[in-house]
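Trainee:
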Amino acid sequence: KIGPLKALYEKVDHLILGGLMYNTFISAKYGASIRGVSEEDRALAMELVEIDRKQNKIVEMDFLVESENMEKKAEGQFRTISLDALKNGETAGYLLDVDPKSYRDEKVSGVIASAGTFFVNAVMGLMPSFWEGSEALYRMIAANRSARKLFAGGDTVQELRNLCPGIYMSGLDDPNTYYFTGGGAVLSAIEQGTPYDMKPIQALFQEI
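Residues 3 to 210 (my numbering) are what the sequence shown spells out, left to right.
1. Tell me which same chain residues have a C-beta within less than 7 Å of the C-beta of Gly-156, skipping the five on either side of it?
2. How long is the line joining the alpha carbons of Leu-97 and Met-23, rounded to whole angstroms?
3. Based on DSSP bridge pairs, tell me the residues matched to Phe-132.
4. Taking the runs of the beta strand (DSSP E) that are 3 residues or longer, which of them lie wholly in the stretch 72-112?
5. Given this structure, state the Cα-to-Cα distance separating Ile-143 from Leu-165, to the nearest angstrom.
6. Take Arg-81 and list the residues in its own chain whose beta-carbon comes closer than 6 Å to its own, dropping the five residues that flank it on each side.
7. Taking the DSSP output, what are the residues bridged to Ser-69?
8. Quick one: what's got a C-beta closer than 6 Å to Tyr-181's C-beta in the same chain, skipping five residues either side?
9. Is it right to say Ser-35 is buried, meaning 16 or more other beta carbons lie within 10 angstroms of its own, or is it exposed?
10. Going by C-alpha to C-alpha distance, which of Ala-138, Phe-121, Leu-128, Gly-127 sits closest to Arg-106?
11. Give me the residue from Gly-173, Leu-128, Val-100, Leu-88 with the minimum Cα distance to Asn-71.
12. Residue range of the alpha helix (DSSP H) that Asn-25 falls in?
13. Using alpha carbons as the reference points, say which of Ile-169, Gly-135, Glu-134 lies closest to Lys-151.
14. Using the rule of at least 16 other Cβ atoms within 10 Å of the residue's Cβ for burial, across every protein chain shown, is Pro-102 buried or exposed?
15. So, for Ile-60: in the same chain, excluding its five sequence neighbours on each side, which residues have a beta-carbon less than 6 Å away from its beta-carbon?
16. Which two residues bound the contiguous alpha helix (DSSP H) that contains Ala-47?
17. Leu-10: buried (16+ other C-beta within 10 angstroms of its C-beta) or exposed?
18. Decide if Ala-191 is buried, meaning its Cβ has at least 16 other Cβ atoms within 10 Å, or exposed.
19. For the stretch 133-176, list the alpha helix (DSSP H) runs that are entirely contained and at least 4 residues long, ordered along the chain.
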């Protein structure tokens, strides 16, 4: 998804990454060894790293949830690891979520609180076990009541509905909130530079 991500990067003021994409980005940027990130992935991500060195749009999450396995969140088999530790050469296992305390950082909370438009495509952690980072993000986005909000992709919308049913229901009656499936198609439309006939994408092109 590096092509659509690069196209999206050019349209936004700030970009928050999660999941494998964020793991790959920080692995490439800081030379960190992270389980599940291949050399091929790192090589592809370096292009985004170089772009961001000049424009500095990617908002880094300072605390990540490391797990010994991807099957479940088992007691004693996961912990929070800091980005500073990875910068200093610590090897990480699977990084499967963003720790919610990452959002307390002023550089993160400030970006979310001041945003005029949100485009949310995917979740922050490996579902269903690693959900706290996504829930915290959804709640912070909801707290920005003046922003336009676009939630793209069936999985994204479903997890919002599961984790924050009240926020999801409020969005159904909010003219500034859009829910739509086909997250991949949306990214392709952004990459090709045309909103087609998709109202949410027309809004995205107008507002960003």
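C-beta: ideal position from N, C-alpha, C; glycine also.
None of these values were measured; they are calculated from a predicted model.
Mentor: Walking through what the data contain:
1. Thr-183
2. 11 Å
3. Its beta-bridge partners do not exist; DSSP assigns none.
4. 80-84, 96-100
5. 14 Å
6. Glu-68
7. Phe-80, Tyr-96
8. Phe-153, Val-159
9. exposed
10. Ala-138
11. Leu-128
12. 21-32
13. Ile-169
14. buried
15. Leu-17, Asp-54
16. 41-57
17. buried
18. buried
19. 134-145, 156-165, 167-174
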